[in-house]
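Single-structure report; data block below.
Protein chains: 2
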Amino acid sequence: MNEKESTKDKIIKTASRLFQMQGYHATGLNQIIKESGSPKGSLYYYFPDGKEQLALESLQVTAKFVLDQIVDGLQKSSEPVMAIQNLINDMAERFEKEGCKGGVPVASIALETSLISEPLRNACQLAYFSFQDAFTQKLISSGLEENRAIELGIAINSMVEGAFLLSFTMGNSQPLRMVAKQIPVLLK
Amino acid sequence: MNEKESTKDKIIKTASRLFQMQGYHATGLNQIIKESGSPKGSLYYYFPDGKEQLALESLQVTAKFVLDQIVDGLQKSSEPVMAIQNLINDMAERFEKEGCKGGVPVASIALETSLISEPLRNACQLAYFSFQDAFTQKLISSGLEENRAIELGIAINSMVEGAFLLSFTMGNSQPLRMVAKQIPVLLK
DNA sequence: CAAAAATTATAACAACTGGTCTACATACAT
DNA sequence: ATGTATGTAGACCAGTTGTTATAATTTTTG
């Protein structure tokens, strides 16, 4: 039972990685199959609705992974300024090490599919909201007023996503670093 | 001579729009040809290097258009806080009217091509740098110290790009609005 | 062991991809 | 008028896309 699910998991894991790196349309089912070492028959057995379903489940895996990373990072420090700043700097560090080859987690799928697939768009929306809410909850738990915490959660999420996109394109972690540096001034 | 260049311009204009809306890989040459009303022969006459060259020139047109929009918006008010805030709110307003169908100007191409085409990646980088620099120059011209202005230019650019991406995915201009609201606190 | 269910293996599908090629028309120079 | 770029027009190519259908195989169950 454990090993049997691993075929589906292998497909999702590989698809997750490729969609993130190359985007939705540039990633072919054949490539996913080949790189995951799984047979093509299995793909439509596990994902009868085809590419869209596979992308959806892959995205959910990716989103959960990123969210865990954010939540864990924010827990490391009780003080929100430090916590958020360290989280972003950790992202920058990881980015520098991996050489930006990893792509931008949710954005690549969001941009390509939001206008052509409502289920995928919705999954991206949920993912982004979960990120945003992680920031907001951290701020609330440190005593910030709720409405202000929501505002800041949205703004910080925007900053981080934008900085990630820019760092990826520039091939340089500077945007992430600069955004981290502004966190103290933004939070008072 | 005037009318003849309009064929190339028509192709670029159509391509520019489609790449922005659908992304690089989802936009086929045939679609560009059909929607622009130009024959395929002309495409490879004007763009002998094919899709990559067409995308590059289209991106440059898009980038210039966006930059002009930023520069014009920033000129409307001498005070940088108001200027930037109004610019972002104008973006939000436009976004609400167009119903987010327009896509995200540079990001869609940046994400899809940065890892597979160095010329395109570089064009995206230049585009983003020009946006960033517009903010920085505005801040410098209002008396801000240069290093701080550069830092803030990068951060504001990140915020705006991120908010645009989030607004697009959420189908809601709230992220843009919230980012605009934080500009005063960010600029002290 | 046999029956049933779960999974994998192929082959084929129509539709499309980016790109090439040649034929044709128009304009402009000499 | 004639020759030469410039530009138009579209058929055509090999390769790939996502998807489907069916057959073979393995695994699980009775």
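As given, the protein sequences belong to chains A and B, one line each in that order. Going by our numbering, the first sequence wraps up at 712, each residue one higher than the last. Going by our numbering, the second sequence wraps up at 712, each residue one higher than the last. Just so it is clear, CB atoms sit at the ideal spot from N, CA and C, and this is done for glycine as well. Model, not experiment: these values are computed from the prediction.
I'd like to know if the region 580-598 of chain A and the region 667-680 of chain A are in contact, where contact means that at least 3 CB-CB pairs between them fall below 8 Å.
No: the two stretches stay apart, fewer than three of their Cβ pairs being nearer than 8 Å.
Verify whether the separation of the beta carbon atoms of ILE633(B) and TYR548(B) is less than 7 Å.
Note that the C-beta distance between ILE633(B) and TYR548(B) is below 7 Å.
Is there contact here, the region 620-633 of chain B with the region 626-642 of chain A, by at least three beta-carbon pairs under 8 Å?
The region 620-633 of chain B vs the region 626-642 of chain A: in contact.
Any 3 or more C-beta pairs closer than 8 Å across the region 537-544 of chain B and the region 552-561 of chain B
A contact exists between the region 537-544 of chain B and the region 552-561 of chain B.
Is any beta-carbon of chain A found at less than 7 Å from that of GLN555(B)?
Using a Cβ-Cβ cut-off of 7 Å, GLN555(B) does not count as an interface residue toward chain A, since no Cβ of chain A sits closer than that to its own.
Just checking, does the region 559-570 of chain A make contact with the region 562-573 of chain B on the three C-beta pairs under 8 Å criterion?
With a cut-off of 8 Å, the region 562-573 of chain B and the region 559-570 of chain A do not count as touching, because too few Cβ pairs lie within range.
Count the other CB atoms within 10 Å of the CB of LYS588(B); is the residue buried (16 or more) or exposed (fewer)?
The residue in question, LYS588(B), is exposed, as its Cβ has fewer than 16 Cβ neighbours within 10 Å.
Assign LYS705(B) to one of three DSSP states: helix, strand, or coil.
Helix.
When we look at the beta-carbon of GLY627(A) and count the other beta-carbons within 10 Å, is it buried (16 or more) or exposed?
The residue is buried, with at least 16 neighbouring Cβ atoms inside 10 Å.
Reduced DSSP category for TYR568(A) - H, G, I as helix; E, B as strand; rest coil:
Look at TYR568(A) here: in three-state DSSP terms it is helix.
CB contact below 7 Å: VAL585(B) versus chain A
It does not: the Cβ of VAL585(B) has no partner Cβ on chain A nearer than 7 Å.
On the premise that LEU710(B) lies in contact with GLN706(A), defined as a C-beta separation below 8 Å, what is that separation, rounded to the nearest angstrom?
Your pair GLN706(A) and LEU710(B) checks out as a contact, with CB atoms roughly 6 Å apart and the cut at 8 Å.
Would you report the Cα separation of VAL605(A) and LEU690(A), rounded to the nearest angstrom?
The alpha-carbon atoms of VAL605(A) and LEU690(A) are separated by roughly 22 Å.
Along chain B, which residues have their Cβ under 8 Å away from the Cβ of MET545(A)?
Here the neighbours are LEU639.
Does the distance from the CB of THR531(A) to the CB of SER582(A) come in under 7 Å?
For THR531(A) and SER582(A), no; Cβs fall outside 7 Å.
Pair every Cβ in the region 654-661 of chain B with every Cβ in the region 656-676 of chain A, then say whether three or more of these pairs are closer than 8 Å.
No, the region 654-661 of chain B is not in contact with the region 656-676 of chain A.
Listed by chain order, chain A residues near MET702(B) by CB distance under 8 Å:
By Cβ distance, chain A contributes GLU675, ILE678, ALA679 and SER682.
For a quick check, are the C-beta atoms of SER638(A) and THR693(B) less than 7 Å apart?
Yes; because the gap between Cβ atoms is below 7 Å, this pair is in contact.
Residue ranges of each alpha helix (DSSP H) within the region 616-677 of chain A, 4 or longer
Fully enclosed alpha helix (DSSP H) runs of no fewer than 4 residues occupy 631-637 and 642-665 of the region 616-677 of chain A, in order along the chain.
Sort VAL703(A), GLY686(A), PRO708(A) and PRO699(A) by Cα distance to PRO699(B) and report the nearest one.
For PRO699(B), the nearest C-alpha among the options comes from GLY686(A).
Relative to the C-alpha of GLN584(A), which candidate in ASP533(A), GLN661(A) and SER697(A) has its C-alpha closest?
Here the closest residue by C-alpha is ASP533(A).
Report buried or exposed for ARG618(B), applying the criterion of at least 16 other Cβ atoms within 10 angstroms of its Cβ.
ARG618(B) is exposed by the Cβ-count criterion.
Alpha carbon to alpha carbon, how far is GLU603(B) from ASP573(B)? Give it in angstroms, no decimals.
Rounded to whole angstroms, ASP573(B) to GLU603(B) spans 45 Å at the Cα level.
Determine whether the beta carbon atoms of LEU578(B) and ALA647(B) lie at a separation below 7 Å.
Going by C-beta atoms, LEU578(B) is not nearer than 7 Å to ALA647(B).
Within 7 Å of any Cβ in chain B, is that where the Cβ of TYR652(A) sits?
A Cβ of chain B is located within less than 7 Å of the beta carbon of TYR652(A).
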